[in-house]
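Protein chains in written order, with my numbering: chain A, 2 to 459; chain B, 1036 to 1317.
A virtual CB, placed ideally from N, CA and C, is assigned to each residue, including glycine.
Computed from a prediction, not measured in an experiment: that's the story for all the values here.
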Amino acid sequence: MQKKGLWQGIYQKLASPKLTVVIFLVLAAASVVGTLMPQGLSEAEIQRHYGQRAIWFITTFGLNDLYHTGWFRLLLLILSANLVVCTIERLPKTLKVFRRREEQVDPEKLAKCSLNCQFTSNLPRDETEARLISIIAEDFGTVQRIDGADHLAGIAEKGRWSPLMVYVVHLSVLLVLCGALVGSIFGFKGFMNILEGEAVSEVTLEGSDRGLNLPFQVRCDKFDVSYYDNGMPREFRSDLTLIRDGKEVLKRELRVNDPLTYDGVTFYQSSYGAILKDAEVELTDRKSGAVRRLIVLFREWVDIPGTRDRAQILRFDEDFRQLGPAMVMLISRDGKEPAGSWILIDRDFHGNKVGNYKVRVLRASRIPYTGLQVKQDPGVWLVWLGFAAMLVGIGLTYYVSHRKLWVWAEADTPGKGGTKIIIAGRTNRNEISFEKKFNRLCDRLQAELGQEGGGSKP
Amino acid sequence: MITSSILLAITTFAYLLCALLYLSGVIFHRRTIMFWGSVTGAATLAIQMAGIILRWWESYQIGYGHAPLSNLYESLVFAAWAIMLIYLVMEYRTKQRALGVFPSLFAFLAMAYASFSTGVNSKIQPLLPALKSNWLIAHVVTCFIGYAAFAVSFGISILYIARQSRQEPSGGALSLLPDLRQLDELNYQMVLFGFLWLSLGIITGSVWADLAWGTYWSWDPKETWSLITWLIYAALLHARAVKGWRGNRVAWLSIIGFCCVLFTYFGVNFLLGGLHSYANMK
Chain A
2 MQKKGLWQGI YQKLASPKLT VVIFLVLAAA SVVGTLMPQG LSEAEIQRHY
52 GQRAIWFITT FGLNDLYHTG WFRLLLLILS ANLVVCTIER LPKTLKVFRR
102 REEQVDPEKL AKCSLNCQFT SNLPRDETEA RLISIIAEDF GTVQRIDGAD
152 HLAGIAEKGR WSPLMVYVVH LSVLLVLCGA LVGSIFGFKG FMNILEGEAV
202 SEVTLEGSDR GLNLPFQVRC DKFDVSYYDN GMPREFRSDL TLIRDGKEVL
252 KRELRVNDPL TYDGVTFYQS SYGAILKDAE VELTDRKSGA VRRLIVLFRE
302 WVDIPGTRDR AQILRFDEDF RQLGPAMVML ISRDGKEPAG SWILIDRDFH
352 GNKVGNYKVR VLRASRIPYT GLQVKQDPGV WLVWLGFAAM LVGIGLTYYV
402 SHRKLWVWAE ADTPGKGGTK IIIAGRTNRN EISFEKKFNR LCDRLQAELG
452 QEGGGSKP
Chain B
1036 MITSSILLAI TTFAYLLCAL LYLSGVIFHR RTIMFWGSVT GAATLAIQMA
1086 GIILRWWESY QIGYGHAPLS NLYESLVFAA WAIMLIYLVM EYRTKQRALG
1136 VFPSLFAFLA MAYASFSTGV NSKIQPLLPA LKSNWLIAHV VTCFIGYAAF
1186 AVSFGISILY IARQSRQEPS GGALSLLPDL RQLDELNYQM VLFGFLWLSL
1236 GIITGSVWAD LAWGTYWSWD PKETWSLITW LIYAALLHAR AVKGWRGNRV
1286 AWLSIIGFCC VLFTYFGVNF LLGGLHSYAN MK
């Protein structure tokens, strides 16, 4: 019994439109926090920026990756539940109103409408009827007749389905959220850096150290950057070849804004860079003064001739602290723990030394690489569908309102051949323009059909 | 030789004149002056449009060839244009001239900021590879029509609050304004219109992001702030439709919403950075 009460309580909370507004505002506030707090910081960076005390707070609430935290997702879930429950609660009523056809018009009710006018026509009933109907039809649509034996009654309406559009918008939000969910479960997002001339099938997944192997290889035949006269980049271009089972299956140029999709996987030109293949260096032994030239490889030990020492290049930076290209060179003496240091490649810098060697770089050969964003998202079409539905829904909500006009006419009681007419109108939106139209109609009818007989015109 | 900069400089001062005409019309209670405000506004809109088209043509002459919607300067100019366009259409349909004070003032401020601030470069620049897409036009135009509608709604909201808090006798400075009910209705329509275009703007941006960056939503500060703006206006629409909020509260929500618009537009560029940072490129 108590359990039922709990669920009912939750259901009732979820059905409240107040919750919708509150959730909107809470989501907005949470998003604000997410933009003020840099996202994706590591714990070390948090500690440096915000201090030791803040770490606990920030990591507990996941403020450094706010949009992917459980509580933010819970907010989205509550919003979805709220949408669904509100729809369950309201849609049947809206549909009932939508389907219901009025079977009679009650003149007393019309006279109580906030928008109504009453007057008496001097013309005979037949003529009054004909003109009434045709004038109303011009602006308010065809009049559906539900006459009684002794009177004329009719309803003209437009945009009957307009109140349903809200549900289309709600459905669209659910579609977008579903699409995002499908994408995050069944899809992946990652990147791959491919050296010019190299073929790669492994994708590094975003936000994790895991890799993923594509069932085909991507080869970068060439990467090219072109520039405008003023030095701004004009275009990044990779010439790609896709290889499946040893066969070239697709050759294409990849540019920014022009992705390539193959086998459900989409590639985007996203970054570029270069790695160092090898460097020819001149090593001067600071003790003996002996000078040796050799080629050092990237991340591979090379013996220094005439010694028992070895060297390798560990890292490369195209622009190290704005001092130009530089590399980290390691030298290991007699098989001991290696010593390493940054060596500036383009400058003969006094700090260019490792251990007891002075280093001068004679030549450094780079290999450019292209950075591709790689993605598979089976949920994206749901998102597009949701977007389309949202635009249709909001657009029609804006442009179409449900306007209804009732008309009722019967022979005037004193029986002088005149006709008593009551007209009333209602709209669910754009009241003022409807009012104007309604008043224009009344003025025109009165001018053409007869004299004023009271009624209220706001 | 007429250049786009000359036309846009004329535009700046003409909007000032336009705002002054509307303002003095309201203050001195003269409909004729406001009529001349409308005439000035419409003429300036035409001049500005010519300026924008000319700038487009000039960019092709230089060899860059892109729509004038690519940086802060160009977006400010377009924002001013969109605000006045939306306002003048509304004025034509409602015949309410006294509402023109704020839109023309905003248009002038946008143009003045674009022209006189040292932080805004008015030179025609080439497009970065990331911006080279037809989606640029669709995205920027839709967003700024939305922003412009919200700016007009912001003006209406201020007038609503001013009108409501001062019960002055007929003949006062605010008496040329539409009545409260009409202001509220206009405000609502403007918000709904802006909401439609903001949604379109976010959606076109999202489709474009999927094409350029490989993800339709990346919680970039600009994206997030546009969503925050969207949520505020969505809250407004729901509060009005379901909870029956009217008048003052709606006006205040609209003012908050417009503050979000301003932050999305300027605050994000200057304070937060992110993927959209080419917008403040100098």
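Three-state secondary structure assigned by DSSP to A/CYS114: coil
contact_flag[the segment 1290 to 1298 of chain B, the segment 1179 to 1195 of chain B] where n(CB pairs < 8 Å) is 3 or more: Cβ pair count under 8 Å is three or more, so yes.
Sequence ranges, beta strand (DSSP E) only - wholly within the segment 137 to 167 of chain A, length at least 3: 144 to 146, 152 to 159
Coarse secondary structure for B/ASN1315, derived from DSSP in three states: Caution is warranted here: a pLDDT of 44 is assigned to B/ASN1315, below 50, making its placement in the model unreliable, and no coordinate value can be reported.
Candidates A/ASN231, A/GLN313, A/GLY325: closest to A/LYS278 by CA position: That would be A/GLN313, whose Cα lies nearest to the Cα of A/LYS278.
Uninterrupted alpha helix (DSSP H) stretches inside the segment 1256 to 1286 of chain B (no shorter than 4 residues): 1256 to 1276
The segment 379 to 396 of chain A / the segment 270 to 285 of chain A touching (three or more Cβ pairs under 8 Å): no
Length of the line joining the Cα atoms of B/PRO1319 and A/PHE58: For residue 1319 of chain B there is no data in the structure shown, the boundaries of chain B being 1036 and 1317.
Within-8 Å CB hit, B/ILE1290 to chain A: no
B/GLN1160 Cβ short of 7 Å to the ligand NAD heavy atom set: Only the bare structure without any ligand can be found here, which leaves the ligand NAD out of the picture.
Option in A/ILE368, A/VAL329, A/GLU139 with minimal Cα separation from A/PHE317: A/VAL329
Proximity below 8 Å, CB of A/GLY180 to CB of A/LYS376: no
Cutoff 7 Å; reference B/TYR1108; Cβ partners in own chain excluding five residues on either side: Closer than 7 Å at the Cβ level, and outside the excluded window around B/TYR1108, lie ALA1149, VAL1155, ASN1156, SER1157.
Cut-off 7 Å between Cβ atoms - residues of its own chain near A/ILE368, not counting five sequence neighbours on either side: LEU196, GLU197, ALA275, ILE276, LYS278
Neighbour flag for B/GLY1249 against chain A, beta carbons, 8 Å: yes
Chain-order list of residues whose beta-carbon lies under 6 Å from that of B/PHE1301 (same chain, five-residue window excluded): none
Environment of A/ASP127 [buried if 16+ CB atoms lie within 10 Å]: exposed
Chain A residues whose Cβ lies nearer than 9 Å to that of B/PHE1151: Residues of chain A passing the Cβ test: none, with the nearest at roughly 24 Å.
Min CB distance A/ILE423 to chain B below 8 Å: Any Cβ of chain B closer than 8 Å to the Cβ of A/ILE423 would place that residue at the interface, and such an atom is absent.
Pick from B/PRO1161, B/THR1264, B/ALA1078, B/ALA1049 that is closest to B/SER1094, judged by C-alpha positions: B/PRO1161
A/GLU90 in three-state terms, based on DSSP: helix
Exposed unless 16 or more other CB atoms sit within 10 angstroms - verdict on A/LYS405: buried
Close beta carbons around A/HIS152, own chain, < 7 Å, minus the five adjacent residues each side: TRP409, ALA410, GLU411
Short CB-CB distance (under 8 Å) between B/TRP1287 and chain A: When Cβ-Cβ separations below 8 Å define contact, B/TRP1287 makes no contact with chain A.
Through-space distance from A/GLY6 to A/GLU436, alpha-carbon basis: For A/GLU436 and A/GLY6, the distance between alpha carbons rounds to 47 Å.
Proximity test, Cβ basis, 8 Å: A/LYS190 and chain B: Judged by the 8 Å Cβ criterion, A/LYS190 is in contact with chain B.
Within 8 Å, strictly: CB atoms of A/ASN258 and B/LEU1246: yes
Proximity of A/CYS443 and A/ILE424 at Cβ, strictly below 8 Å: yes
Interfacial residues, the segment 1266 to 1277 of chain B to chain A, with Cβ spacing under 7 Å: LEU1266, ILE1267, ALA1269, ALA1270, HIS1273, ALA1274, VAL1277
The segment 1260 to 1278 of chain B / the segment 1232 to 1246 of chain B touching (three or more Cβ pairs under 8 Å): yes
Candidates A/GLY184, A/ASP304, A/ARG238, A/GLY341: closest to A/PRO379 by CA position: A/GLY184
Reduced DSSP secondary structure (H/G/I, E/B, other) of B/TYR1050: helix
Residues, ordered as in the chain, of the segment 1167 to 1180 of chain B that lie near chain A by beta-carbon distance below 7 Å: LYS1167, SER1168
Those residues which DSSP pairs with B/THR1129 across a bridge: B/THR1129 is not bridged to any residue.
Where A/ASN1 sits in the DSSP three-state scheme: This structure cannot settle anything about residue 1 of chain A, because the visible part of chain A is limited to 2 through 459.
Contact with chain A by B/SER1039, beta-carbon distance below 8 Å: No - not a single Cβ of chain A is within 8 Å of the one on B/SER1039.
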